[in-house]
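Asker: Shown below is the structure under consideration.
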Amino acid sequence: MYLEIEITESSFINEADNVLQTILALKRSGISIAIDDFGTGYSSLAYLKQFPIDTIKIDKSFIRGIKQHSKDASMVKAIIHLAHIMNMDVVVEGVETLEELTIITLANGDMIQGYYFSPALAVENFYRIIKSDA
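Numbering (this note's numbering), first residue to last: 994 to 1127.
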């Protein structure tokens, strides 16, 4: 898939039927669907069952406490495991340290975003980095 649309959990709440129809139409067009900030809103496992989701993006609020709080680490590991069982990819947001990266890597997170790799970049800076690595 070349395009992935991110939908926040809150968009499912009031318009679930409309959201489902829109997602199905996007999927028929070859577009991948991700749930952004998973775990911060009105998380319901029913959404994961009902909607054809390709990717879950675990919110950075779980990562901030992953080193100090075993519950955060356990929740992240459980979300990753559940997503994989349901054939979904997992993006972990907000990774800022090597220790966080190691925990997520050991938990089999698929993709990682965060300042550990780079802060958000303007397009021209992104192109400059890509060109220098080519």
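We treat Cβ as the ideally placed atom computed from N, Cα and C, and that holds for glycine.
1. Under 8 Å between the Cβ atoms of residue 1055 and residue 1032?
2. Check whether the Cβ atoms of residue 1027 and residue 1050 lie closer than 8 Å to each other.
3. Rounding to the nearest angstrom, what Cα-Cα distance links residue 1112 and residue 1120 in this structure?
4. Would you kindly work out how many angstroms separate the C-alpha atoms of residue 1118 and residue 1108, rounded to a whole number?
5. Of all the options 1089, 1078, 1046 and 1072, which has the alpha carbon lying nearest to the alpha carbon of residue 1132?
6. What does the alpha-carbon distance come out to for the pair residue 1007 and residue 1124?
7. Which residues does DSSP list as the beta-bridge partners of residue 1026?
8. To the nearest angstrom, how far is the alpha carbon of residue 1062 from that of residue 1085?
9. Hey, how far is the Cα of residue 1066 from the Cα of residue 1115?
10. Closest by CA to residue 1093, which one among 1047, 1082 and 1105?
11. Rounding to the nearest angstrom, what Cα-Cα distance links residue 1041 and residue 995 in this structure?
12. Quick check: what's the CA-CA separation for residue 1079 versus residue 1110?
Answerer: In short:
1. Translated into positions along the sequence shown, residue 1055 becomes position 62. Translated into positions along the sequence shown, residue 1032 becomes position 39. Their beta carbons are under 8 Å apart, which means residue 1055 touches residue 1032 by this criterion.
2. Taking the first residue of the sequence shown as position 1, residue 1027 is located at position 34. Taking the first residue of the sequence shown as position 1, residue 1050 is located at position 57. Cβ distance < 8 Å, so residue 1027 and residue 1050 count as in contact.
3. Within the sequence shown, residue 1112 is the residue found at index 119, counting from 1. Within the sequence shown, residue 1120 is the residue found at index 127, counting from 1. Approximately 14 Å, taken between the alpha carbons.
4. Taking the sequence shown and counting its residues from 1, one reaches residue 1118 at position 125. Taking the sequence shown and counting its residues from 1, one reaches residue 1108 at position 115. Looking at the two C-alpha atoms, the distance is approximately 15 Å.
5. For the chain, the structure presents residues 994 to 1127; residue 1132 sits outside this window and is missing.
6. Position 14 of the sequence shown, counted from the first residue, corresponds to residue 1007. Position 131 of the sequence shown, counted from the first residue, corresponds to residue 1124. Distance between the alpha carbons of residue 1007 and residue 1124: 44 Å.
7. Looking up residue 1026 in the sequence shown gives position 33. The partner list for residue 1026 (beta bridge, DSSP) reads 998.
8. Along the sequence shown, one-based indexing puts residue 1062 at 69. Along the sequence shown, one-based indexing puts residue 1085 at 92. Using only the alpha carbons, I get a separation of about 17 Å.
9. The residue given as residue 1066 occupies position 73 in the sequence shown. The residue given as residue 1115 occupies position 122 in the sequence shown. Going from the Cα of residue 1066 to the Cα of residue 1115 covers about 32 Å.
10. Translated into the one-based positions of the sequence shown, residue 1093 becomes position 100. Comparing Cα positions, the closest option is 1105.
11. Along the sequence shown, read from residue 1 onward, the residue named residue 1041 stands at position 48. Along the sequence shown, read from residue 1 onward, the residue named residue 995 stands at position 2. When rounded, the distance between both Cα atoms is 22 Å.
12. Position 86 of the sequence shown, counted from the start, is the residue given in the question as residue 1079. Position 117 of the sequence shown, counted from the start, is the residue given in the question as residue 1110. Going by the C-alpha atoms only, they are around 28 Å apart.
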